[in-house]
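A.B. asks: Numbering (the UniProt record's numbering), first residue to last: 1 to 595.
For each residue, glycine too, the CB sits at the ideal point set by N, CA and C.
Here the structure is a predicted model, which is why all the values come from computation and not from measurement.
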Amino acid sequence: MTASIVSKRRNPKRNDLQGIRGLAILSRILPLYFLFILCTLLALYTVFPDSAVYQNQFSAEKALLFVSNRPRTDDEDYFEKLSVAIDLFTHTWSLSVEIQFYSFVPLIFLIGQQFKESSRYGYYTVIATLSFIFHFFSSPTVSFNCVFARIWQFLIGMLTYFISNTQLVTSRFLIYCGDISYSLYLIHWPIYAYVKLTYPNNFWILTAALFVSIMTSIVVFETFEKWYLRQSNKVVAVIIMSLFISNILYIHKDEIQKRMTKQEEVQLTSGRKYPRLDGITLNMTTLDDAERMNAYWNKVDHRGPGMIEPNCVRRNSKHKWCDFKENGTEFKILLSGSSYVKNHHKVFIQECKHRATMISMDDVIGCEPLAYPRKPVENDGYTSWTKVCAGKLKEFVDFVKETQPDYLGLLNLYLSCRWFAVGEPYDTNENDLGNDTIYKEMKSQLKQFLPNIKKKLFILDSFPRDIVKELKAGKKTMEEINKSLYNPSSFENGRRRHSELIKKECGSKCELIDYVDAFWNKTMNAFQYFDSKGFSYFTTGHHLSAHGIEHVEIRRNVSTNREGIKKEIKGGEAEERCGEQMVKKPRKRECRKAA
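1) Would you mind working out which of E222, G423, I365 and L450 sits nearest Y407, comparing C-alpha positions?
2) Please list the segments of the beta strand (DSSP E) lying wholly inside the segment 392-435, counting only runs of 3 or more residues, in order along the chain.
3) From this set, D301, T539 and D87, which residue's C-alpha is nearest K196's C-alpha?
4) Count the other CB atoms within 10 Å of the CB of Q113; is the residue buried (16 or more) or exposed (fewer)?
5) Measure how close the beta-carbons of G304 and A52 come, nearest whole angstrom, since I'm counting them as under 8 angstroms.
6) Counting only the same chain and skipping the five closest in sequence on each side, list residues whose C-beta sits under 7 angstroms from that of V67.
7) Which residues bound the beta strand (DSSP E) around E511?
8) Looking only at C-alpha atoms, which of S317, T285, L335 and H498 sits nearest to residue 596?
9) Rank D323, N294 and G391 by C-alpha distance to the C-alpha of G541 and give the top, closest one.
10) Look up residue 609 in the DSSP assignment and give the residues it is bridged to.
11) In the DSSP assignment, find the unbroken beta strand (DSSP E) run with F458 in it and report its ends.
12) Do P405 and S338 have their CB atoms nearer than 9 angstroms?
13) In this structure, does DSSP put K253 in helix, strand or coil?
14) Assuming D323 contacts V313 (C-beta within less than 8 angstroms), just tell me the rounded distance between them.
15) Report the rounded CA-to-CA distance for G391 versus R28, giving the unit in angstroms.
16) With respect to the alpha helix (DSSP H) encompassing D179, which residues constitute its N-terminal and C-terminal limits?
17) Would you say R172 and F101 are within 9 angstroms of each other, going by their C-beta atoms?
18) Where does the unbroken alpha helix (DSSP H) through M358 begin, and where does it stop?
19) What residue does the beta strand (DSSP E) around F331 start on, and which one ends it?
20) Would you say E441 and L410 are within 9 angstroms of each other, going by their C-beta atoms?
21) Is E550 closer than 9 angstroms to I280 when the C-beta atoms are compared?
22) Mind checking R495: buried by the 16 CB within 10 Å criterion, or exposed?
23) Could you check whether G548 and S536 sit closer than 9 angstroms to each other, using their CB atoms as the reference points?
24) Could you give the distance in angstroms between the alpha-carbon of A371 and the alpha-carbon of D427?
25) Can you grab the Cα-Cα spacing for the pair G122 / F132, in whole Å?
26) L460: which of K443, N435, V422 and G434 sits nearest, CA to CA?
27) Using a Cβ distance threshold of 8 angstroms, determine whether the segment 183-201 contacts the segment 136-147, with at least three qualifying pairs required.
28) Could you tell me the boundaries of the alpha helix (DSSP H) in which D288 lies?
29) Output yes or no for whether 9 angstroms exceeds the beta carbon distance between Y194 and A208.
30) Taking the Cβ atom as the reference point for each residue, do C510 and K456 lie within a distance shorter than 9 angstroms?
31) The beta strand (DSSP E) with S325 in it runs from where to where?
32) Judging by CA-CA distance, which residue of M358, K387 and T357 is the nearest neighbour of G366?
33) Hey, could you find the ends of the alpha helix (DSSP H) K447 is sitting in?
34) Could you spell out where the alpha helix (DSSP H) holding V47 opens and where it closes?
35) Compute the minimum distance between the beta carbon of V195 and the heavy atoms of the ligand GTP, and state whether it is under 8 angstroms.
36) Need the endpoints of the alpha helix (DSSP H) that M215 sits in, please.
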């Protein structure tokens with residue numbers, strides 16, 4: 001530890017509590033640490049993409065409170081898995097463990113002081129052994145993150161320090177490396193993250209980033225670190241408190257600005273029960289408004305407060321399966337699939353909860369209920385996260401069996417810009433789906449789903465991108481931008497497989513929710529990814545934005561027919577009535593017109 005190196009240089013060895021130098025270590029660590037968080041937040045808000053902001057605001061708060069070693073949830077990992085963001089504070093987990101250790105190490109040594117010196121080392125050895133046993137028998141997540149599973153490593157270092165009678169570090173060069181190592185530890189990762197997001201897989205730029213990290217660390221040590229290390233305890237305390245408060249305010253700056261700014265009330269139009277999800281008002285008419293709102297949607301994606309319905313009760317800790325208990329009496333609905341479940345769930349709940357007894361939800365990031373990827377997902381080199389999808393197929397089936405829904409919606413994202421399972425290339429060609437590996441797996445999954453669905457299975461396709469900066473720059477027309485965003489390859493493969501699956505394997509019990517009509521602009525003869533004012537229908541996280549959801553405007557209203565659900569897709573002037581025996585066939589290959 002850097003603090004130990006500094007302590008060795010400046011103070012004789014001491015075994016008592018004062019020798020632990022707890023306050024001295026904190027005064028060594030905290031000023032630069034809090035300054036690092038503040039500077040990283042400044043970079044986050046200015047040079048990093050909008051999609052990186054939301055995740056890193058949470059991560060910054062955890063780093064500020066020294067709890068970065070808490071295991072992250074799938075939702076917290078989402079943007080990183082899409083390679084549109086990297087946690088800029090992920091490396092602070094080790095410092096969090098260290099600070100947590102310092103919080104109770106005085107108790108360990110206070111008890112140790114009660115033993116004779118000959119027995120004291122045995123006492124420390126016993127504690128280290130117990131910690132190692134806990135580390136060895138714990139799960140990988142616990143053993144990696146839990147401070148109690150790390151005590152043995154700290155104690156081994158301390159025992160080595162206490163027992164040693166020789167000066168281990170005498171080289172001035174090595175001592176200087178130790179001096180700058182703390183600033184290098186803090187600084188290197190945000191620089192690497194920016195380069196990785198901006199210039200992926202460029203060896204020379206990554207090498208240059210390492211050099212920049214080292215030089216920046218030297219400058220920081222020679223200026224700020226040396227300066228505050230010479231200050232009195234009172235001055236250091238003021239620095240620490242000032243930086244801590246500044247970080248809290250900067251992390252929550254968006255919320256503070258929102259509360260300080262008078263918000264224009266979004267009026268309910270006739271026929272609406274709920275406010276618009278996108279928050280757009282009649283006064284938002286310029287490209288500046290579009291850029292601001294698009295930046296916000298890209299930042300929060302499907303996790304924004306307006307897109308989340310609270311109070312989903314988890315069934316168990318093993319799965320993300322959860323239920324919304326509703327006041328209706330007629331049917332049960334299950335929404336299952338990828339993160340598009342989270343993207344769409346609120347609008348389904350708003351329109352169905354007055355009739356549904358329960359609405360259940362299960363989402364697995366990047367995984368599809370009908371098939372798993374055979375080919376690496378081209379995700380800027382980050383492919384490992386899709387490997388878990390094969391094991392998730394059974395979980396999708398198990399949840400349907402356990403829930404026994406009246407209606408099942410499979411909500412998945414099939415991108416036109418990278419391969420997912422259903423959109424992978426055919427083994428041979430589109431006319432030989434009977435021998436296609438993906439299609440056969442889709443059939444197998446479907447046969448397990450159908451007996452457990454009482455009324456209807458819906459399957460959703462979609463295909464996103466984002467564009468406003470190009471539009472505002474004026475370098476392309478709307479038609480040119482729309483056409484440049486469309487790549488039919490994997491999108492068409494998925495539509496072809498779904499069409500065949502429903503026609504041959506499912507019949508009237510299955511139905512495609514088709515967004516082609518909603519986003520096809522007949523005038524431009526192209527898919528439309530934004531409206532005439534520049535408000536984007538999609539996010540950089542490849543979901544429908546809140547504005548996209550409003551454009552599609554899925555609304556399920558009370559119906560008098562025997563099945564009970566009427567579903568209108570108003571955005572594309574398409575209407576499908578589920579349960580009225582009016583099963584609309586998937587559109588033919590209209591999307592090829594844009595190719």
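C.D. replies: In this structure, then:
1) Ranking the options by Cα distance to Y407, first place goes to L450.
2) Every beta strand (DSSP E) stretch that sits fully inside the segment 392-435 and reaches 3 residues is listed by chain position as 407-411.
3) Selected option, being the one with the closest Cα: D87.
4) When all chains shown are included, Q113 counts as exposed.
5) So it is not a contact: roughly 15 angstroms between Cβ atoms.
6) These residues qualify, in order along the chain: S96.
7) Per DSSP, E511 belongs to the beta strand (DSSP E) from C510 to I513.
8) Within the shown structure, residues of the chain are numbered from 1 to 595, placing residue 596 beyond reach of any answer.
9) Measuring from the Cα of G541, the nearest candidate turns out to be N294.
10) Any question about residue 609 goes unanswered here, given that the chain covers just 1 to 595.
11) For F458, the uninterrupted beta strand (DSSP E) run begins and ends at K456 to L460, by DSSP.
12) In this structure, the beta-carbon distance from P405 to S338 does not fall below 9 angstroms.
13) For K253, the secondary structure class from DSSP, reduced to helix, strand or coil, is helix.
14) Between the beta-carbon of D323 and that of V313 there is about 5 angstroms, and that keeps the pair under the 8 angstroms contact cut.
15) When only Cα atoms are considered, G391 and R28 end up about 47 angstroms apart.
16) First-last of the alpha helix (DSSP H) with D179: R172 to T198.
17) The answer is no: Cβ separation not under 9 angstroms.
18) Per DSSP, M358 is not a residue of any alpha helix (DSSP H); the beta strand (DSSP E) it occupies stretches across A356 to D363.
19) Where F331 is concerned, the enclosing beta strand (DSSP E) stretches over F331 to G337.
20) Result no, Cβ atoms of E441 and L410 do not sit closer than 9 angstroms.
21) Yes. Within cutoff.
22) So R495 ends up on the buried side.
23) In this structure, G548 lies closer than 9 angstroms to S536 by Cβ.
24) Roughly 14 angstroms separates the two Cα atoms.
25) Cα to Cα, G122 sits roughly 15 angstroms from F132.
26) Per the Cα distances, V422.
27) Judged by Cβ distances under 8 angstroms, the segment 183-201 makes no contact with the segment 136-147, as fewer than three pairs qualify.
28) That run of the alpha helix (DSSP H) goes L287 to V300.
29) No, Cβ-Cβ distance for Y194 and A208 is not below 9 angstroms.
30) Yes, these two residues count as a Cβ contact at 9 angstroms.
31) In the sequence on display, residue 325 carries Lys and not Ser. Segment C322 to K325, the beta strand (DSSP E) holding K325.
32) Of the listed residues, the one whose Cα sits closest to G366 is K387.
33) Where K447 is concerned, the enclosing alpha helix (DSSP H) stretches over T437 to F449.
34) Careful: V47 lies outside any alpha helix (DSSP H) and carries neither H nor E.
35) Ligands are entirely absent from the displayed structure, and the ligand GTP is therefore not among its contents.
36) F203 to V220 is the span of the alpha helix (DSSP H), which, as asked, contains M215.
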